[in-house]
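If you're matching them up, the sequences are chains A and B in order.
Using the working numbering, read the first sequence as starting at 846 and increasing by one per residue.
Using the working numbering, read the second sequence as starting at 1474 and increasing by one per residue.
Positions of the beta carbon are idealized from the N, C-alpha and C atoms, including for glycine.
No experiment lies behind these values; they were computed from the predicted model shown.
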Amino acid sequence: MSPAAAPLEPDPMTLLPPERPVQLLDDEGALHEVDGFPLDLKDSDFRDLYRYMVLARRVDSEAINLQRQGQLGVYASLLGQEAAQVGGAYALAEQDWVFPSYREMGAALVRGVDPGSVLHLFRGTWLSNHDPIATRFGLLSIPIGTQALHATGYAMAAKFDGKDLVVMSYFGDGATSEGDPHEAMNFAAVYDAPVVFFVQNNQYAISVPLSKQTKAPTIAHKAVGYGMPGFRADGNDVLATYAVSRRAIDRARAGQGPSLIEAVTYRMEAHTTADDPTRYRTASELAEWKVRDPIARFETFLEREGLLDDAFRAEIDEEARGYATRMRAEVYDAPHGDPLELFEHVYVEPPERFDEQRALLRAELERRE
Amino acid sequence: MAKLRMRQAIVAALADEMERDGSVIVFGEDVAAAGGPFKTSEGLLERFGRARVRDTPISETGFLGAGLGAAVTGLRPVVEIMFIEFLGVALDMLSTEAAKFRYLSGGKLSVPLVVRASAGSGLGFGAQHSQTLETWLYATPGLKLAVASGPRTAYGLLRAAVQDDNPVVVLEPRPLYGEREEVETGDAAVIPLGQANLCATGDDVTIVGLGQTVGTALRAAESAGWTADVIDLQTLLPWDRDTVFASVARTGRLVVVEESPRTGGWGTEIAAAVAGECFGDLTAPVTRITAPDVPVPFPPELEARYLPGPDYVRAQIDTLLDSGRLPVPWWETEGLGA
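See the structure below:
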């Protein structure tokens, strides 16, 4: 079927998105052009996208290992969502911001966030260690969907200050049932805020399937009510998530306001290391999605293009092992719960009683040494 | 009688109420197919079916508001807020709507809604999932608020809450879900709301606890050089003034044990009432043992220190009894070492 016969553009009058997601790589890894979603990538970009996806998966499995070893309290895996996260974040410019949920290790890597620093949040060493300002990657939002409003406010303020930046807010299908993302989308649309609302529709909110989350034909349809376009991308096709994000980001940067992206994907792991997915989904469903693995599909494409050789694989493997070693070191060696930190960061200017209490505590600790 | 974990006692209470009354329905996030994030609705879907046990979209305002609407029709919805913190986005539905409908309708509407929520620290859930937050609710006329202190009270209070015609919140301390004790089930085991329980009796001091601090107080008193009345408040709204006042009249001393920050804790209400009403009976300053005014820390060592434990409670009461003066909290005097 030629692209012209089945346009994947939102209807300009109704804003309604096409039900079929934008797909650039078919299941065999062959590249097809899609009108409205051109690819502006070089070979080095293709290799980078692959690198980030593989690293994300390796970092993810290392984090799960660390949780199993009792080093992390809990961890939310991104397995299967590498293409959605990496494609979206890769389309951002250096100065752009990401407001993530708690599952965004792949997007974090693209933004140059050290994965070990993020794991402190899950370990309880001492809060999160990554620098949101330096990496332009916000705090991992544990509450559901709240970050969509933060992203909108950040984007509006940036526009007010005349800064050229776009804000991407990641959240999940489940979050579209909370009020916050809806208020964020309405707000952003009314004020033409440069925001991209990037929904990773991974089909489940803990145990609750999409069918019990929304009756809308697609999540992208939700954009229509706010007067902005909703795009759908095959979330397991990194070139589709990139190209759709590129389009949404360019629009936002050009002052045309926000848009919503629904990346249709699948959470291959449990919601977090704390639940048992066999309670609420079937093995056959999992198997169906396994054959649509985002990394395997992109590998086929790279092989076709002659961009994947043993040397490159070895290079990534080396880098992945380096990450894993550093993550382990970070987690095992981090100082654990310095008592004096109990009073830190509660207020900008600590109340006087905190100073007194900290001083007494310090004196006591020194006395006991 | 059977030995039940608190989460099993909650399932039993829900099942018994659903059996007794066909208008009782259960809904919330992950309560049906998954059996509840804390396994507090395990088996209910299989037993009572999809019409009465429902998974909902992640939407606290949605399911609290819908619960309110359903309750007005005469159904008795039991709605689960997974973590009390998540009530924040939907507080309007509870404090400003559910608690006011009867009043605003001149008594023509009732809201027999039950909201269950996990609360409290001790499991390493970090600053955003470890608060008790009962103080968000207890200044809300029209609402009742009960707090379980173990399997037996979880069963009895929840059943009473479902049978009550007012909106009732039942908080369940998260670290107690796995706790086991002998639980009598059946109608005789229902614990009336508004009644405190005198769990232990003694002469020197009255200790008032709520939720998991009841166990802390009992353990503190076990090997102490003094004896105490230990009162499990059970219901915070309305709280049982008679039981507390009668005890303080006998012991002359009140100690309230709270796991929440010092400023604005629920114990301020008890302390103020006792200081005023029992002034002539008091032989020592009214004492509150609390956590410091900081977010609940995530590192296990710090979280353990944050929560008032039995040894600390015992030592504080030792000081109170020995000196007759208000004991100074640990964060102003001690280190964190053993």
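List the residues of chain B whose Cβ lies closer than 8 Å to the Cβ of residue i, in chain order.
i: lysine 1057 of chain A; result: Asp1528, Thr1529 and Pro1530
i: glycine 1070 of chain A; result: Correct list: empty, because the minimum Cβ distance to chain B is about 16 Å.
From this set, the options, which residue's C-alpha is nearest residue i's C-alpha?
i: alanine 1115 of chain A; options: A/Ser1104, A/Thr1127 and A/Leu1105; result: A/Thr1127
i: alanine 1485 of chain B; options: B/Pro1624, B/Val1545, B/Thr1756 and B/Thr1546; result: B/Pro1624
i: valine 1229 of chain A; options: A/Tyr1087, A/Asn974, A/Leu1055 and A/Ser1022; result: An answer regarding residue 1229 of chain A cannot be provided, because it is not within the stretch 846 to 1214 covered by chain A.
i: alanine 1068 of chain A; options: A/Gly1102, A/Pro1054, A/Val1053 and A/Gln1048; result: A/Gly1102
i: arginine 865 of chain A; options: A/Pro1196, A/Arg1091 and A/Phe1076; result: A/Phe1076
i: lysine 1008 of chain A; options: A/Tyr1125, A/Asp941, A/Asp1037 and A/Ser889; result: A/Asp941
i: alanine 1788 of chain B; options: B/Gly1495, B/Ala1694, B/Ile1531 and B/Met1474; result: B/Ala1694
i: valine 1089 of chain A; options: A/Gln1058, A/Glu878 and A/Asn1047; result: A/Glu878
i: aspartate 880 of chain A; options: A/Arg1098, A/Ala1085, A/Glu1189 and A/Ser1129; result: A/Ala1085
i: alanine 1065 of chain A; options: A/Leu900, A/Met898 and A/Pro1026; result: A/Pro1026
i: alanine 1034 of chain A; options: A/Leu1147, A/Ala1097 and A/Lys1135; result: A/Ala1097
i: threonine 1626 of chain B; options: B/Leu1606, B/Leu1649, B/Leu1577 and B/Trp1609; result: B/Leu1649
i: asparagine 1081 of chain A; options: A/Ile1106, A/Pro1054, A/Ser1056 and A/Thr1110; result: A/Thr1110
i: leucine 1776 of chain B; options: B/Leu1560, B/Ala1600, B/Ala1544 and B/Val1562; result: A small fix is needed here, since residue 1776 of chain B is glutamate in this sequence, not leucine. The shortest Cα separation from glutamate 1776 of chain B among B/Leu1560, B/Ala1600, B/Ala1544 and B/Val1562 belongs to B/Ala1600.
i: isoleucine 989 of chain A; options: A/Thr1021, A/Gly874, A/Arg1091 and A/Leu1187; result: A/Thr1021
i: glutamate 873 of chain A; options: A/Glu1144, A/Lys1004, A/Leu900 and A/Leu860; result: A/Glu1144
i: glutamate 1742 of chain B; options: B/Pro1800, B/Glu1607 and B/Phe1556; result: B/Glu1607
i: leucine 1610 of chain B; options: B/Gly1561, B/Leu1582 and B/Gln1707; result: B/Gly1561
i: valine 1642 of chain B; options: B/Leu1691, B/Ile1680, B/Ser1591 and B/Val1729; result: B/Ser1591
Using three-state DSSP, classify residue i as helix, strand or coil.
i: arginine 1625 of chain B; result: helix
i: glycine 1075 of chain A; result: strand
i: proline 1646 of chain B; result: strand
i: arginine 1142 of chain A; result: helix
i: tryptophan 1134 of chain A; result: helix
i: glutamine 1046 of chain A; result: Per the sequence shown, the amino acid found at residue 1046 of chain A is asparagine instead of glutamine. Strand.
i: glycine 1516 of chain B; result: coil
i: threonine 1686 of chain B; result: helix
i: tyrosine 1036 of chain A; result: coil
i: glycine 932 of chain A; result: helix
i: serine 986 of chain A; result: strand
i: glutamate 1655 of chain B; result: strand
i: isoleucine 1664 of chain B; result: coil
i: alanine 850 of chain A; result: Annotation note: pLDDT 48 at alanine 850 of chain A (below 50); position unreliable, no value reported.
i: valine 919 of chain A; result: coil
i: glutamate 1734 of chain B; result: The sequence given here places proline at residue 1734 of chain B; glutamate does not occur at that position. Three-state result, proline 1734 of chain B: strand.
i: serine 1062 of chain A; result: The sequence shown places proline at residue 1062 of chain A, not serine. If DSSP states are grouped into helix, strand and coil, proline 1062 of chain A belongs with coil.
i: glycine 1070 of chain A; result: helix
i: serine 1090 of chain A; result: helix
i: valine 943 of chain A; result: strand
i: valine 1191 of chain A; result: coil
i: alanine 1811 of chain B; result: Residue confidence is low: alanine 1811 of chain B scores 36 on pLDDT, short of 50, so the model does not pin down where it sits. No coordinate-derived value is stated.
In chain A, which residues lie with their C-beta within 7 Å of the C-beta of residue i?
i: aspartate 1503 of chain B; result: Ile1051, Ser1052 and Val1053
i: leucine 1788 of chain B; result: According to the sequence as given, residue 1788 of chain B is alanine; it is not leucine. Neighbours of alanine 1788 of chain B on chain A: none; closest Cβ ~15 Å, over 7 Å.
i: tryptophan 1804 of chain B; result: Gln1202 and Leu1206
Is the beta carbon of residue i within less than 7 Å of some heavy atom of the ligand MG?
i: aspartate 1155 of chain A; result: Inclusion of the ligand MG in the displayed structure is not the case, the ligand content being empty and no account of it being possible.
For a contact meaning CB atoms closer than 7 Å, what does residue i contact in chain B?
i: arginine 970 of chain A; result: This sequence places threonine at residue 970 of chain A; arginine is not what is there. Within chain B, the residues near threonine 970 of chain A are Pro1772.
i: glycine 918 of chain A; result: Gly1597
i: leucine 911 of chain A; result: Neighbours of leucine 911 of chain A on chain B: none; closest Cβ ~15 Å, over 7 Å.
i: leucine 984 of chain A; result: Neighbours of leucine 984 of chain A on chain B: none; closest Cβ ~11 Å, over 7 Å.
i: phenylalanine 1188 of chain A; result: Val1767
Give the interface partners of residue i over in chain A, defined as CB-CB distance under 9 Å, in chain order.
i: alanine 1507 of chain B; result: Ile1051, Ser1052, Val1053, Asp1120, Asp1121, Arg1124 and Tyr1125
Could you list which residues in chain B have their beta carbon closer than 9 Å to that of residue i, in chain order?
i: phenylalanine 944 of chain A; result: Here the premise fails: no neighbours, minimum Cβ distance about 16 Å.
i: valine 1191 of chain A; result: Asp1766, Val1767 and Pro1768
| Proximal residues, the segment 1521–1535 of chain B versus chain A, C-beta separation under 9 Å | Arg1527, Asp1528, Thr1529, Pro1530, Ile1531, Ser1532, Glu1533, Thr1534 and Gly1535
| task | Pick out the complete alpha helix (DSSP H) segments inside the segment 1599–1623 of chain B, 4 residues or longer, and give them in chain order. | result | none
| task | Would you mind listing the alpha helix (DSSP H) stretches within the segment 1543–1586 of chain B that are 4+ residues and don't spill past its ends, in chain order? | result | 1574–1577
| message | So if I threshold CB-CB distances at 9 Å, which residues from the segment 1760–1783 of chain B count as touching chain A? | response | Pro1765, Asp1766, Val1767, Pro1768, Pro1770, Phe1771, Pro1772, Pro1773, Glu1774, Leu1775, Glu1776, Arg1778 and Tyr1779
| said: Beta carbons nearer than 8 Å to chain A: which residues of the segment 1583–1606 of chain B have them? | reply: Gly1597, Phe1598, Gly1599, Gln1601 and His1602
| Got a sec: which bits of the segment 1731–1765 of chain B sit with their beta carbon under 8 Å from any beta carbon on chain A, in order along the chain? | Pro1765
| query | Going along the chain, which residues of the segment 1105–1137 of chain A sit with their C-beta nearer than 8 Å to a C-beta in chain B? | reply | Asp1120, Arg1124 and Tyr1125
| request: Check distances from the C-beta atoms of the segment 988–1019 of chain A to those of chain B and list, in chain order, the residues that come in under 7 Å. | output: Pro988, Ile989 and Gly1019
| request: Taking only beta carbons into account, state which residues of the segment 1551–1571 of chain B come closer than 7 Å to chain D, listed in chain order. | output: Looking for chain D here will not work: the only protein chains present are A and B.
| request: Please list the segments of the alpha helix (DSSP H) lying wholly inside the segment 1143–1183 of chain A, counting only runs of 4 or more residues, in order along the chain. | output: 1155–1178
| query | Quick one, which residues of the segment 1019–1045 of chain A are near chain B if we go by CB-CB under 9 Å, in chain order? | reply | Gly1019, Ala1020, Thr1021, Ser1022, Glu1023, Gly1024 and Asp1025
| message | Quick check on the DSSP output: what are the complete alpha helix (DSSP H) runs of length 4 or more inside the segment 1744–1806 of chain B, in order along the chain? | response | 1773–1779 and 1783–1796
| message | Using a Cβ-Cβ cutoff of 7 Å, what residues of the segment 1171–1183 of chain A are near chain B? List them in chain order. | response | His1181 and Gly1182
| query | What residue ranges within the segment 1688–1725 of chain B form continuous alpha helix (DSSP H) runs of no fewer than 4 residues, ordered along the chain? | reply | 1714–1724
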